[in-house]
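Undergrad: Under the working numbering, the first residue of the sequence shown carries the number 102, and numbering increases by one thereafter.
Glycine is no exception: its CB is placed at the ideal position from the N, C-alpha and C atoms.
Nothing here was measured: the structure is a model prediction, and the numbers come from that model.
Mind looking over this structure? Questions follow.
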Amino acid sequence: MKIFKLLIIISFLLIPSYAFAWGPLTHIYLGSEILSIASILPAGLYELLRRYKEDFLYGNLMADIILGKKFLPYNRNSHSWDVAFELMDAVETQQQKAFVYGYISHLAADTVAHEKLTSGKRHIGHTVFELKSDSLVGRKYWFRAVSINRKVRRRNDTFLESTLESPFLSVRTNKRIYQGMVLLTYLTPKKMNTFIDNNLFLPNMPNSKKIKGLHKDSLERILDILTKGECSDVIGKDPVSHMETRGIGKLLKGL
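If you want it as structure tokens, here you go:
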């Protein structure tokens, strides 16, 4: 336990933030919404997601697993399309395929947040945005995230450990830290978004109505990429935070 706490402290010293676009609860919400309308997807994909719902949801959650991914080459960044489609090429089971569809859905959703909201924001604005969105969707999605079957988690964790790269810690250690952060999202107050709107002034911070509109945009992009795959226009949009790429550029410039 002491070692685990130390790893968390070290991770925060090394990297100011995981720099999510949408937070964990929002990704579970978006994945759940896709499952609720999955019948409009191609028949084979609908049947896959209907049968392996939790694998799909877990994929939506776990694309943020790597701490410090900005220090990897772009094509090895776990948030790049290159890595996402490499994962799809590596699948060996239907469960893994459903998981990767969730992973790809996560990236598609993040293109909306990075493109329209978080680009250029410093970490505090980025974090406040995540809190507002997670507060807006509600705690029931926290319960859905933490109640994903252990067998589902284990088989997909093993798959990720065999495919993803990490710049500092092992993928397994990254997973433990990230899942600890997901657990902490339970503490996000239900009225956090209202409190932020009424008490904090942050330039260009979206209100609740705009965030809901961007949730809708995210769902549309997820549906588009699930339907069209690599032919989707969403592939032309960047799921990697521009704040991340600028950060590593500054670091390299200073060497």
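#1: Would you call the stretch 313–325 in contact with the stretch 185–194, where contact means no fewer than 3 C-beta pairs closer than 8 angstroms?
#2: Pick out the complete alpha helix (DSSP H) segments inside the stretch 168–206, 4 residues or longer, and give them in chain order.
#3: For L285, I'd like the list of residues in its chain whose CB is within less than 6 angstroms of its CB, leaving aside the five on either flank, ordered along the chain.
#4: Mind checking S248: buried by the 16 CB within 10 Å criterion, or exposed?
#5: What's the gap between the Cα of K338 and the Cα of S319?
#6: Looking at H207: is its Cβ nearer than 9 angstroms to the Cβ of L237?
#7: Please report the Cβ distance between Y204 and A185, rounded to the nearest whole angstrom; I am assuming they are in contact, meaning their Cβ atoms lie under 8 angstroms.
#8: What's the C-alpha gap between S181 and P340?
#9: Among V253, Y279, S333, M282, which residue has its Cα nearest to the Cα of Y153?
#10: Using CA coordinates, which residue listed in I336, I138, L315, T127 is at the minimum distance from D165?
#11: Assuming S309 is part of the alpha helix (DSSP H), what are its boundary residues?
#12: Within 10 angstroms of the Cβ of F244, are there 16 or more other Cβ atoms? Answer buried if so, exposed if not.
#13: Suppose you measure from the CA of I336 to the CA of G145; what does that come to, to the nearest Å?
#14: Shortest alpha-carbon distance to S309 belongs to which of L136, Y147, L232, I138?
#15: In chain order, what residues of the same chain have a beta carbon less than 8 angstroms from the beta carbon of L150, not counting five sequence neighbours either side?
#16: Between G124 and S234, which are expected to be in contact by the criterion C-beta below 8 angstroms, what is the C-beta distance as a whole number of angstroms?
#17: Cα separation between L315 and V213?
#18: Are the beta-carbon atoms of I129 and A210 separated by less than 9 angstroms?
#19: Could you pull out every residue in the same chain whose Cβ sits closer than 7 angstroms to the Cβ of R177, ignoring the five residues on either side in sequence?
#20: In terms of residue numbering, what span does the alpha helix (DSSP H) encompassing I141 cover?
#21: Among the residues of its own chain, which have a CB less than 8 angstroms from the CB of E187, if the five just before and after it don't count?
#22: Once the 5 residues before and after E155 are set aside, which same chain residues still bring their CB inside 8 angstroms of it?
#23: Excluding the 5 residues flanking K313 on each side, which residues of the same chain have their C-beta closer than 8 angstroms to its C-beta?
#24: List the whole-angstrom C-beta distance separating L168 from L270, where the pair is believed to meet the contact cut-off of C-beta under 8 angstroms.
#25: Any idea if L356 is buried or exposed, counting beta-carbon neighbours within 10 angstroms, 16 or more meaning buried?
TA: To lay it out plainly:
#1: no
#2: 182–191
#3: none
#4: exposed
#5: 12 angstroms
#6: no
#7: Their Cβ separation, rounded to whole angstroms, is 6 angstroms, which keeps Y204 and A185 in contact under 8 angstroms.
#8: 6 angstroms
#9: V253
#10: T127
#11: 309–329
#12: exposed
#13: 22 angstroms
#14: L232
#15: I135, L136, A139, L142, F157, A199, Y202
#16: 6 angstroms
#17: 7 angstroms
#18: no
#19: These residues qualify, in order along the chain: V184, E266.
#20: Per DSSP, I141 belongs to no alpha helix (DSSP H) and is neither H nor E.
#21: T264
#22: I249, N250, V253
#23: L237
#24: 7 angstroms
#25: Confidence at L356 is low in this model, with a pLDDT of 32, below 50, so the placement of that residue is unreliable and no value is reported for it.
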